[in-house]
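Peer 1: I am attaching a structure below and will ask some questions about it afterwards.
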C-alpha cells in the first residue's frame, strides 16, 4: 500500500519545493519572498514558518519589487536557479503583474504564488475580491494568464501533485522558460490531504541542451559559405547557454565579426578584436555600419527585437539574408529567417564542424578603433565642474568606467542610462546586467539587490535616474536590513530626460516630462540623500565627476547600500552612435517642427524591411 503523509496543501507545497534540486546539488527555488495578507498568512505563511531554513522566507517592501529582485537573481545565475514570491489576493497579487510580465518578456524563471479567493465560495465576496458579474470562475489572478509561461489555479489539495512538477518543468525548459503562476485558493491552502511520501523525494532538474537538426545546420553553413560580409548578432541566449567561449571561437575560426544586443552584452569582452559593440537604435557606429553592409545576419540567441534591428531599417544590403540560431522555434522563424533550432553552445560547435576551415575575407578593424576613440572622447571628465557646467550621462559613465575592476557588474533598466550604457560601457565578460526586454522603470534598486544576492563576490553598481528612483526605491530598506551592499549612482536631471529628448526628436513640444514643463504650482526640491539615508543607506551627494570616482571606490568597504547622487544635464544624449527608431509622428497638423519630424520619419521608414 502506498505510504502517505498528512499535510495541509500549503505545507505540501513548501515541502516539495524544498527538495527540488539543481545538478550542482542546490535548491532550484532558493527561497520565498513574502508579504502576507489574509489570502496567504494562515496557510502559506504558517507553512513557511514551519519549514524554516529548509526553504527560507524573506520580507520585502512591495510585491512588485520583491519579484524584480527574484528576476535579477535568476538572470544573474543564467536561469539555473530561481526564487518564489507569495502575496495575498487583490492588491498584493496585482502588484506582481508588472513583474510577471517582465519575467515573461525576458524568458526568466520566477515562481509566483498569489493567494486566491475561496474555492468553497462561502465568504463570497471575500475582502479584496474582484468579481466578474458574468463569470464566477474569474479572479484578479486571471491577469497572470497571458504573461505566465505556465498558469494554474489550485482549487483542490491534490492539484499540487500535477501542477508543481508542471510549473518547474516549464521554468527549467530552456526553450519555454518563463514565470510560472500558481494561484492558490486561500481555503485550500489550509486543507488536509494524504500525499504520497514518494512525492517528496528529492528530485534533480536537468536543463537540457537541444541538438539542432543536421539539415538546419547544413542549410545555415551553406548560407555562411555563400556570404561575403556576414555578421553575428550575439543575444542573451548565448549567455543562458553558457556559450560565450564557443561564440568567440566560432567568430575567430571563421573570421566573422560579432555585435552584442542589450541582453547579450558582456558575453565576451569589449576588447575582443572581433567585437564591434552593439547594433541598432542605441548601437555603436562601427556595429551599425557592419549591419548595414551585411549580406548575412546570423542571430544567435536573439529575438531580433525592434531596438536591435533599428526598427528593421538597419539591415540595408539588398542581398541580405537572416539566419537564426535559437532554442525556440517561435523565435528562430521570425522575419523570414533561415531557422536553426537548437542550443547555442551545441549548435555553434556543429556549425563549426560543418564549415571546416572556411573563413570570410579580412574584416576592417579600423572602424572599431575609431569607435573606441570616440567613446573615450565623450566619456572623458569635463574640463571644469560646477552648477553652470553639469556633467552629461556619458561623463558619469566614464567616471564609473575609470574605477571599475574585473569584478564590477553594472546594471540598469530604463531611462537614459540603458541606451548610453549599451553604446558606451566597455564591459568585461559577465560585467553587464540590463533589463531591457521590458525596460521597466523601478527595476533598478531591487534588481541590484537580486544581483548581489546571486553573486555576493561581485561589486554591483546600479545606474538609476531620478524618475525611475522615485517609482520604486523601498527595497533599499530591505537591502540594509539584510546587509546586502551595492552602489547606486543616482543621476538627477529633474525629470524624465530620456523621453523628453525623444519627444523633441519626434517634433513634439517639451511637455510633462521635465518638472519645469509640468503643470505644478512649484518646482519640487527632492533631497535624495536624506531620503536614502532615512532607510539606512549610506547616502551622499557629489559635486563633480572626480568626486564621484572617489566615492565609488570608498563604497566598496561598506556592508550596506551606498547611494551617490549627482546632478546631470538633461539635454545632451551620448552624441555618438545610434540609429533611427520607429516612434510614430502625427501625420497631420502641427508647426514646422512636426513637419520636419514627419519628413525624417518617412525617409527612414522607406528603409524598413521586416521580412526577407
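Numbering (UniProt numbering), first residue to last: 1 to 612.
From the three backbone atoms N, C-alpha and C, an ideal C-beta is built for every residue, glycine too.
1. Between the alpha carbons of residue 551 and residue 389, how many angstroms are there, rounded?
2. Nearest CA to the CA of residue 287: which residue from 468, 232 and 461?
3. Would you decide whether residue 467 is buried or exposed? Buried here means 16 or more other CB atoms lie within 10 Å of its CB.
4. State the Cα-Cα distance for the pair residue 33 and residue 349, rounded to the nearest angstrom.
5. Here's a check: name, in chain order, each residue in its chain whose Cβ is nearer than 6 Å to the Cβ of residue 539, leaving out the five neighbours to either side.
6. Kindly indicate which three-state DSSP category residue 481 falls into: helix, strand or coil?
7. So, with DSSP's three-state summary, where would you put residue 13?
8. Looking at residue 274: is its Cβ nearer than 8 Å to the Cβ of residue 180?
9. Report back the beta-carbon spacing between residue 342 and residue 257 to the nearest angstrom; my notes put them in contact at under 8 Å.
10. Please name the residue, chosen from 515, 347 and 574, that lies closest to residue 378 on a Cα-to-Cα basis.
11. Give the DSSP-derived three-state secondary structure of residue 539 in the structure shown.
12. Could you please give the first and the last residue of the uninterrupted alpha helix (DSSP H) stretch that includes residue 251?
13. Nearest-angstrom Cα distance between residue 395 and residue 570?
14. Which complete alpha helix (DSSP H) runs does the UniProt domain "Thiamine pyrophosphate enzyme central" (217–351) hold, if anything under 4 residues is left out?
15. Whole-angstrom Cβ separation of residue 140 and residue 130, contact assumed at under 8 Å?
16. Going by alpha carbons, who is nearest to residue 415 out of 543, 280 and 494?
17. Could you give the distance in angstroms between the alpha-carbon of residue 613 and the alpha-carbon of residue 427?
18. Once DSSP output is grouped into helix, strand and coil, what is the label at residue 128?
19. On the criterion of 16 or more Cβ atoms from any shown chain inside 10 Å, does residue 230 qualify as buried, or is it exposed?
20. Does the separation of the CB atoms of residue 63 and residue 31 fall below 8 Å?
21. Scan the segment 23–72 and note each continuous alpha helix (DSSP H) run of 4 residues or more that stays entirely inside, going in chain order.
22. The beta strand (DSSP E) spanning residue 195 covers which residue range?
23. Does the distance from the CB of residue 203 to the CB of residue 20 come in under 8 Å?
24. When the Cα atoms are used, what is the spatial distance from residue 70 to residue 459?
25. According to DSSP, is residue 139 helix, strand or coil?
26. Which residues in the same chain as residue 2 place their Cβ atom closer than 7 Å to its Cβ, once the five residues preceding and following it in sequence are excluded?
27. Would you call residue 52 buried or exposed, if buried means 16 or more other Cβ atoms sit within 10 Å of its Cβ?
28. When the Cα atoms are used, what is the spatial distance from residue 4 to residue 161?
29. If you run the structure through DSSP and keep just helix, strand and coil, what is residue 563?
30. Starting from residue 7, trace the beta strand (DSSP E) both ways and give me its first and last residue.
31. Which class does residue 150 belong to by DSSP, given the choice of helix, strand or coil?
32. Do the segment 330–346 and the segment 258–265 touch if we need at least three Cβ pairs shorter than 8 Å?
33. If you run the structure through DSSP and keep just helix, strand and coil, what is residue 405?
34. For the beta strand (DSSP E) containing residue 549, list its first residue and its last residue.
35. If you check the beta carbons only, do residue 174 and residue 147 fall under 8 Å apart?
36. Identify, in the order they occur along the chain, each residue of the same chain with its Cβ nearer than 7 Å to the Cβ of residue 78, setting aside the five sequence neighbours on each side.
Peer 2: Checking against the coordinates, here is how it stands:
1. Within the chain shown, residue 551 is the residue found at index 551, counting from 1. Within the chain shown, residue 389 is the residue found at index 389, counting from 1. Taking the straight line from one Cα to the other gives about 20 Å.
2. By 1-based counting over the chain shown, the position of residue 287 is 287. In terms of Cα proximity to residue 287, the closest of 468, 232 and 461 is 232.
3. For this step, residue 467 is matched to residue 467 along the chain shown. Under this definition residue 467 is a buried residue.
4. For this step, residue 33 is matched to residue 33 along the chain shown. For this step, residue 349 is matched to residue 349 along the chain shown. Distance between the alpha carbons of residue 33 and residue 349 is about 40 Å.
5. Along the chain shown, one-based indexing puts residue 539 at 539. Residues 529, 532, 533 and 563 of the same chain have their beta carbon placed closer than 6 Å to that of residue 539, with the five preceding and five following residues left out of the count.
6. Translated into positions along the chain shown, residue 481 becomes position 481. If DSSP states are grouped into helix, strand and coil, residue 481 belongs with the helices.
7. Here residue 13 refers to the residue found at position 13 when the chain shown is read from its first residue. Under the three-state reduction of DSSP, residue 13 is assigned to helix.
8. For this step, residue 274 is matched to residue 274 along the chain shown. For this step, residue 180 is matched to residue 180 along the chain shown. No; because the gap between Cβ atoms is not below 8 Å, this pair is not in contact.
9. Numbered from 1 along the chain shown, position 342 holds the residue referred to as residue 342. Numbered from 1 along the chain shown, position 257 holds the residue referred to as residue 257. The C-beta separation of residue 342 from residue 257 comes to about 23 Å, leaving the pair out of contact by the 8 Å criterion.
10. On the chain shown, position 378 is the one that residue 378 refers to. Of the residues 515, 347 and 574, the one whose Cα lies closest to the Cα of residue 378 is 574.
11. Here residue 539 corresponds to residue number 539 of the chain shown, with the count starting at 1. Three-state result, residue 539: strand.
12. The count along the chain shown starts at 1 and reaches residue 251 at position 251. Element bounds for residue 251: 244–254.
13. Residue 395 sits at position 395 when you count from the first residue of the chain shown. Residue 570 sits at position 570 when you count from the first residue of the chain shown. A straight line joining the alpha-carbon of residue 395 with that of residue 570 spans about 13 Å.
14. Qualifying alpha helix (DSSP H) stretches, in chain order: 236–240, 244–254, 285–293 and 329–332.
15. Translated into positions along the chain shown, residue 140 becomes position 140. Translated into positions along the chain shown, residue 130 becomes position 130. Yes, residue 140 and residue 130 are in contact; Cβ-Cβ is about 5 Å, under 8 Å.
16. Within the chain shown, the letter at position 415 stands for residue 415. When the alpha-carbon of residue 415 is set against those of 543, 280 and 494, the nearest one is in 494.
17. Lying before the first or after the last residue shown, residue 613 is absent from the chain, which here runs from 1 to 612.
18. Taking the first residue of the chain shown as position 1, residue 128 is located at position 128. Residue 128: coil per DSSP, three-state reduction.
19. Here residue 230 refers to the residue found at position 230 when the chain shown is read from its first residue. By the Cβ neighbour-count rule, residue 230 is buried, with 16 or more other Cβ atoms within 10 Å of its own.
20. The residue you call residue 63 lines up with position 63 of the chain shown. The residue you call residue 31 lines up with position 31 of the chain shown. No, Cβ-Cβ distance for residue 63 and residue 31 is not below 8 Å.
21. Runs found: 46–51.
22. Position 195 of the chain shown holds residue 195. It spans 192–196 - the beta strand (DSSP E) in which residue 195 sits, taken as one unbroken run.
23. Walking along the chain shown from the start, residue 203 turns up at place 203. Walking along the chain shown from the start, residue 20 turns up at place 20. Remark: C-beta atoms of residue 203 and residue 20 approach each other more closely than 8 Å.
24. By 1-based counting over the chain shown, the position of residue 70 is 70. By 1-based counting over the chain shown, the position of residue 459 is 459. The C-alpha of residue 70 lies about 18 Å from the C-alpha of residue 459.
25. Against the chain shown, residue 139 aligns to sequence position 139. If DSSP states are grouped into helix, strand and coil, residue 139 belongs with coil.
26. Taking the first residue of the chain shown as 1, we reach residue 2 at position 2. In its chain, beyond the 5 residues on either side, 196 have a beta carbon closer than 7 Å to the beta carbon of residue 2.
27. Reading the chain shown from its first residue, position 52 is the one you call residue 52. Classification of residue 52: exposed, given that the 10 Å Cβ count is below 16.
28. The residue you call residue 4 lines up with position 4 of the chain shown. The residue you call residue 161 lines up with position 161 of the chain shown. Residue 4 and residue 161 have their alpha carbons spaced roughly 13 Å apart.
29. Within the chain shown, numbered from 1, the residue matching residue 563 stands at position 563. In the three-state scheme derived from DSSP, where H, G and I count as helix and E and B as strand, residue 563 is classed as strand.
30. As a position in the chain shown, residue 7 is number 7, starting the count at 1. Residue range 4–8 is occupied by the beta strand (DSSP E) that includes residue 7.
31. Numbered from 1 along the chain shown, position 150 holds the residue referred to as residue 150. Note: residue 150 maps to strand in three-state DSSP.
32. Verdict: no, contact absent.
33. The residue given as residue 405 occupies position 405 in the chain shown. If DSSP states are grouped into helix, strand and coil, residue 405 belongs with coil.
34. Taking the chain shown and counting its residues from 1, one reaches residue 549 at position 549. Looking at the DSSP string, residue 549 is not in any beta strand (DSSP E); the run it does join, the alpha helix (DSSP H), is 545–555.
35. As a working note, residue 174 is residue 174 in the chain shown. As a working note, residue 147 is residue 147 in the chain shown. The beta carbons of residue 174 and residue 147 sit no closer together than 8 Å.
36. Against the chain shown, residue 78 aligns to sequence position 78. Only residues of its own chain outside the window of five on either side were considered, and among them 239, 240 and 242 have a CB closer than 7 Å to the CB of residue 78, listed in chain order.
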